[in-house]
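Report on the following structure.
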Amino acid sequence: MTFSAIVLAGGRAVRLDGADKASVEYLGRTLLEHALDALIDAHEVVVVGDPVPTTQPVTFTRENPRYGGPVAALLTGLDALVHPPRTVGLLAVDMPRVSSWTFRRLQEAAAGHDGAFLTDADGRRQLAGVVDAARLVAVRPDHEGQHGMPLHRLLGALDLVDIGPDGDEGRDVDTWADLRDLTQD
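FYI, the numbering for the sequence shown is 4 to 188, going by our numbering.
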């Protein structure tokens, strides 16, 4: 397997009043369904979050303890993959404008590097990227060190390329206003 993916869907969603982001609807479909569409090229997809209905086959898992942050979720998802991939895709469930085209661009940009990540319009790295699985394993902290670790610290030693968004693909949904604004655009 060359490309598998992990969807981060297990956060607290405090600014969304604790709503389960994976189940939030955008344009008549859940945010999780949008994420799975973006990862259609992945041979295997693990969703780190509570199980919810999907139309596509995925594996659900949770980090232990819960709410350990994106690093703990990413590494929990990596451990849940049945087939070790060459490249791991990472996508936050709250980015419904990311598409399969986004991931193809990320994979192309990652050639000759350890990975590539999408940025928002202001140049901030988003939770949408691809990473060489072997390099990710090489920088992996022990289990205790994963929880609460900022993603930039985990990825800091890797040679990553940032790519700017095509249109709104770098936008995420952190608040109900963000969802409203995406819907109105």
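For glycine and all other residues, C-beta sits at the position ideal for the given N, C-alpha and C.
Nearest-angstrom Cβ-Cβ length linking residue i and residue j, presumed shorter than 8 Å
i	j	result
residue 10	residue 182	Their Cβ separation, rounded to whole angstroms, is 18 Å, which puts residue 10 and residue 182 out of contact at 8 Å.
residue 97	residue 175	5 Å
residue 135	residue 186	That belief does not hold up - the Cβ atoms of residue 135 and residue 186 are roughly 36 Å apart, past 8 Å.
residue 88	residue 5	6 Å
residue 13	residue 51	5 Å
residue 8	residue 92	4 Å
residue 160	residue 142	5 Å
residue 94	residue 173	That belief does not hold up - the Cβ atoms of residue 94 and residue 173 are roughly 12 Å apart, past 8 Å.
residue 166	residue 109	7 Å
residue 164	residue 124	Actually they are not in contact, since the Cβ atoms of residue 164 and residue 124 sit about 18 Å apart, beyond 8 Å.
residue 149	residue 31	Not a contact, Cβ separation roughly 36 Å.
residue 57	residue 34	In fact, because the Cβ distance is near 11 Å, the residues do not count as touching under 8 Å.
Which of helix, strand or coil DSSP assigns to residue i
i	result
residue 90	strand
residue 143	coil
residue 138	helix
residue 30	coil
residue 62	strand
residue 163	strand
residue 113	helix
residue 36	helix
residue 107	helix
residue 75	helix
residue 100	coil
residue 174	coil
residue 13	coil
residue 151	coil
residue 127	coil
residue 18	helix
Those residues which DSSP pairs with residue i across a bridge
i	result
residue 132	93, 120
residue 8	48, 92
The beta strand (DSSP E) enclosing residue i, as first and last residue numbers
i	result
residue 84	Neither: residue 84 is in no beta strand (DSSP E) and is coded neither H nor E.
residue 181	No beta strand (DSSP E) contains residue 181, which is instead part of the alpha helix (DSSP H) from 179-187.
Member of the options whose CA lies at the smallest distance from the CA of residue i
i	options	result
residue 101	137, 43, 112	43
residue 24	75, 110, 54	54
residue 80	71, 69, 72, 65	65
residue 82	172, 128, 177, 140	140
residue 151	74, 58, 116, 78	74
residue 118	162, 85, 146	162
residue 107	124, 85, 131	131
residue 37	104, 113, 120, 157	104
residue 154	164, 113, 76	76
residue 61	46, 70, 30	46
Residue i: first and last residue of the uninterrupted alpha helix (DSSP H) it sits in
i	result
residue 157	154-158
Residue i: CB within 7 Å of a non-hydrogen atom of the ligand FMN
i	result
residue 67	Although the ligand FMN was asked about, the structure shown includes no ligands whatsoever.
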